[in-house]
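Peer 1: Before I ask anything, here is the structure I am working with.
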Amino acid sequence: MANFWGPVCLFLVASAGMSSSELSLSSVKKYFANIFAPGQIRVIGGSNAVRGQFPYQVLMRVMNKGKQFFCGGSVISDSHVLTAAHCVENVSFLLLTFGSVTTSPLDGTESRFVTKNDVVAHPDYDPVDVKNDIALIFLNRPVQLSVYVSPVQLPTSNYVENVDGYLTGWGRTSDSSKKAAKVLQYAKMELLPLYKCMYYWNSLGIPVDSSQICTKYVGTASCNGDSGGPLVVMEQNGAYTQVGIVSFGVTLCESGSPSVYTRVGAYLKWINLMTGIK
């Protein structure tokens with residue numbers, strides 16, 4: 001039987017409650033919210049990033065019910081950060097670090113505390129079926145943009161097919177590794193046709209639909225973390241466009257199972273309504 005990691009954020013402190021490894025397939029539906037507890041981050045097959053290489057990347061330290069863990073996010077304007085809804089569910093407050101490739105808040109160009117009042121999850125977010133797993137963070141004053149901090153482009157349509165993506169995050173680089181990476185990792189990802197992803201996950205009783213996007217394991221993968229972080233594609237001019245937000249996958253990240261992301265293009269109207277960004 002498969003075990004699952006799901007909306008999981010970069011691990012700092014042991015998560016409370018039942019862990020994903022304790023859940024069998026038969027109990028997935030009943031305990032889905034628990035499956036997606038904070039886990040251990042890995043970018044399987046990743047390489048070290050250098051400062052300024054992915055200037056949209058945000059490191060989020062999340063305080064939730066007395067536990068502290070990491071999630072990823074992305075700068076989409078000088079006043080807005082995009083992330084996954086499961087990262088900010090029941091959040092107390094967050095510390096956002098911009099312009100860093102390490103997990104130290106002192107290495108970034110700027111850090112900000114934000115409270116739960118600054119966070120808006122999609123109104124139809126469903127933690128059970130992991131639908132509409134997207135949220136916005138509003139900064140009370142603009143972050144200073146530079147070569148180290150700049151917005152990622154949003155897609156102009158919902159269509160993404162036959163392209164490679166790039167995933168970024170901090171963390172472990174294999175299933176056997178025990179320590180998180182000290183430097184931001186990036187990996188090239190191969191996008192999986194939706195029908196293949198739907199077939200895999202639907203056969204396990206986990207619904208996947210057109211509001212989501214998937215990548216397949218080709219020596220690289222998202223895993224037990226990176227949650228809320230961006231999946232991007234590179235445009236011909238070298239600019240990055242964010243097409244996905246890390247959402248969920250299986251526990252054994254080198255098993256060849258597809259990883260699932262929120263499809264950003266499916267939520268352009270909501271993002272525009274909330275932020276004015278087009």
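Mapped onto the UniProt record's numbering, the consecutive letters of the sequence shown carry residue numbers 1 to 278.
Don't be surprised by glycine CBs; every beta carbon is placed ideally from N, CA and C.
If you count every other CB in all the chains shown that lies within 10 Å of the CB of residue 230, and 16 or more means buried, which is it?
Peer 2: Reading the sequence shown from its first residue, position 230 is the one you call residue 230. It is buried - the Cβ of residue 230 has at least 16 other Cβ atoms within 10 Å.
Peer 1: What are the boundary residues of the beta strand (DSSP E) that includes residue 67?
Peer 2: Here residue 67 refers to the residue found at position 67 when the sequence shown is read from its first residue. Note, residue 67: beta strand (DSSP E), 67 to 77.
Peer 1: Report yes if the C-beta distance between residue 53 and residue 75 is below 9 Å; otherwise report no.
Peer 2: Counted from its first residue, the sequence shown places residue 53 at position 53. Counted from its first residue, the sequence shown places residue 75 at position 75. Contact flag unset, no.
Peer 1: Take residue 194 as the anchor and find which of 146, 160, 168 has the nearest alpha-carbon.
Peer 2: Working through the sequence shown from its first residue, we reach residue 194 at position 194. It is 160 whose Cα lies nearest to the Cα of residue 194.
Peer 1: Could you tell me whether the Cβ atoms of residue 122 and residue 129 are closer together than 9 Å?
Peer 2: Residue 122 sits at position 122 when you count from the first residue of the sequence shown. Residue 129 sits at position 129 when you count from the first residue of the sequence shown. Their beta carbons are not under 9 Å apart, which means residue 122 does not touch residue 129 by this criterion.
Peer 1: Can you give the Cα-Cα distance for residue 170 and residue 61, rounded to whole angstroms?
Peer 2: In the sequence shown, counting from the first residue as 1, residue 170 sits at position 170. In the sequence shown, counting from the first residue as 1, residue 61 sits at position 61. Roughly 12 Å separates the two Cα atoms.
Peer 1: Please check if any C-beta of chain E sits within less than 9 Å of the C-beta of residue 156.
Peer 2: Annotation note: the requested chain E is absent from the structure, which comprises a single protein chain.
Peer 1: Under the rule that 16 or more other beta-carbon atoms within 10 Å means buried, what is residue 203, buried or exposed?
Peer 2: In the sequence shown, residue 203 corresponds to position 203, counting from 1. Result: exposed.
Peer 1: Just the C-alpha distance for residue 140 and residue 79, rounded to the nearest angstrom, thanks.
Peer 2: The count along the sequence shown starts at 1 and reaches residue 140 at position 140. The count along the sequence shown starts at 1 and reaches residue 79 at position 79. If I take the Cα positions, the gap works out to 7 Å.
Peer 1: Taking 8 Å as the limit between beta carbons, can you name the residues of its chain near residue 150, skipping five residues before and five after?
Peer 2: Within the sequence shown, the letter at position 150 stands for residue 150. Here the set comprises 55, 56, 75.
Peer 1: Helix, strand or coil: which one does DSSP assign to residue 258?
Peer 2: For this step, residue 258 is matched to residue 258 along the sequence shown. Correct three-state label for residue 258: coil.
Peer 1: Which residues share a DSSP beta bridge with residue 135?
Peer 2: Translated into positions along the sequence shown, residue 135 becomes position 135. In the DSSP output, where bridge partners are listed per residue, residue 135 has 83, 121.
Peer 1: Roughly how many angstroms separate the alpha carbons of residue 119 and residue 137, rounded to a whole number?
Peer 2: Start at 1 with the first residue of the sequence shown, and residue 119 comes out as number 119. Start at 1 with the first residue of the sequence shown, and residue 137 comes out as number 137. Residue 119 and residue 137: Cα-Cα distance of roughly 5 Å.
Peer 1: How is residue 156 classed by DSSP in three states: helix, strand or coil?
Peer 2: Here residue 156 refers to the residue found at position 156 of the sequence shown. Coil.
Peer 1: Using CA atoms only, rank isn't needed, just tell me which of 126, 205, 214 is closest to residue 86.
Peer 2: Mapped onto the sequence shown, residue 86 falls at position 86. That would be 126, whose Cα lies nearest to the Cα of residue 86.
Peer 1: Mind reading off the beta-carbon distance from residue 190 to residue 168? Whole number of angstroms is fine, and I expect it under 8 Å.
Peer 2: Position 190 of the sequence shown holds residue 190. Position 168 of the sequence shown holds residue 168. The pair is not a contact, with the Cβ atoms about 16 Å apart (cut-off 8 Å).
Peer 1: DSSP on residue 162, reduced to helix/strand/coil?
Peer 2: On the sequence shown, residue 162 is found 162 positions in, with the first residue counted as 1. If DSSP states are grouped into helix, strand and coil, residue 162 belongs with coil.
Peer 1: Can you grab the Cα-Cα spacing for the pair residue 265 / residue 158, in whole Å?
Peer 2: As a position in the sequence shown, residue 265 is number 265, starting the count at 1. As a position in the sequence shown, residue 158 is number 158, starting the count at 1. Residue 265 and residue 158: Cα-Cα distance of roughly 4 Å.
Peer 1: Excluding five sequence neighbours on each side, which residues of the same chain lie with their C-beta closer than 6 Å to the C-beta of residue 145?
Peer 2: Residue 145 sits at position 145 when you count from the first residue of the sequence shown. Closer than 6 Å at the Cβ level, and outside the excluded window around residue 145, lie 78.
Peer 1: On the premise that residue 245 lies in contact with residue 84, defined as a C-beta separation below 8 Å, what is that separation, rounded to the nearest angstrom?
Peer 2: Working through the sequence shown from its first residue, we reach residue 84 at position 84. Working through the sequence shown from its first residue, we reach residue 245 at position 245. The Cβ separation is near 5 Å, so the contact holds.
Peer 1: Within the same chain, show all residues whose beta-carbon is closer than 8 Å to that of residue 111, passing over the 5 residues directly before and after it, in chain order.
Peer 2: By 1-based counting over the sequence shown, the position of residue 111 is 111. For residue 111, where only same-chain residues beyond five positions count, the Cβ hits under 8 Å are 95, 96, 97, 98, 105.
Peer 1: Which stretch, first to last residue, makes up the beta strand (DSSP E) that contains residue 64?
Peer 2: To locate residue 64, count along the sequence shown from 1; it is residue 64. Note, residue 64: beta strand (DSSP E), 57 to 64.
Peer 1: Find the nearest neighbour of residue 260 within the set 241, 51, 192, 47, judged by alpha-carbon distance.
Peer 2: Here residue 260 refers to the residue found at position 260 of the sequence shown. Measuring from the Cα of residue 260, the nearest candidate turns out to be 192.
Peer 1: Looking only at its chain, what residues have a beta carbon closer than 7 Å to the beta carbon of residue 102, apart from the 5 residues adjacent to it on each side?
Peer 2: Reading the sequence shown from its first residue, position 102 is the one you call residue 102. Cβ neighbours of residue 102 beyond the five flanking positions: 182, 183.
Peer 1: Quick one: is residue 199 buried, meaning 16 or more other Cβ sit within 10 Å of its Cβ, or exposed?
Peer 2: As a position in the sequence shown, residue 199 is number 199, starting the count at 1. Label assigned to residue 199: exposed.
Peer 1: Going by DSSP, what residue range makes up the alpha helix (DSSP H) through residue 273?
Peer 2: Counting from 1 along the sequence shown, the entry for residue 273 is found at position 273. Residue 273 -> alpha helix (DSSP H) spans 268 to 275.
Peer 1: What's the C-alpha gap between residue 272 and residue 243?
Peer 2: Taking the sequence shown and counting its residues from 1, the one referred to as residue 272 is at position 272. Taking the sequence shown and counting its residues from 1, the one referred to as residue 243 is at position 243. Between residue 272 and residue 243, the C-alpha separation is close to 15 Å.
Peer 1: Between residue 116 and the rest of its own chain, which residues show a CB-CB distance below 6 Å, the 5 nearest in sequence each way excluded?
Peer 2: On the sequence shown, residue 116 is found 116 positions in, with the first residue counted as 1. Excluding positions up to five away in sequence, the list reads 91.
Peer 1: Straight-line CA distance for residue 248 to residue 73?
Peer 2: Residue mapping note: residue 248 aligns to position 248 of the sequence shown, counting from 1. Residue mapping note: residue 73 aligns to position 73 of the sequence shown, counting from 1. Taking the straight line joining both Cα atoms gives about 15 Å.
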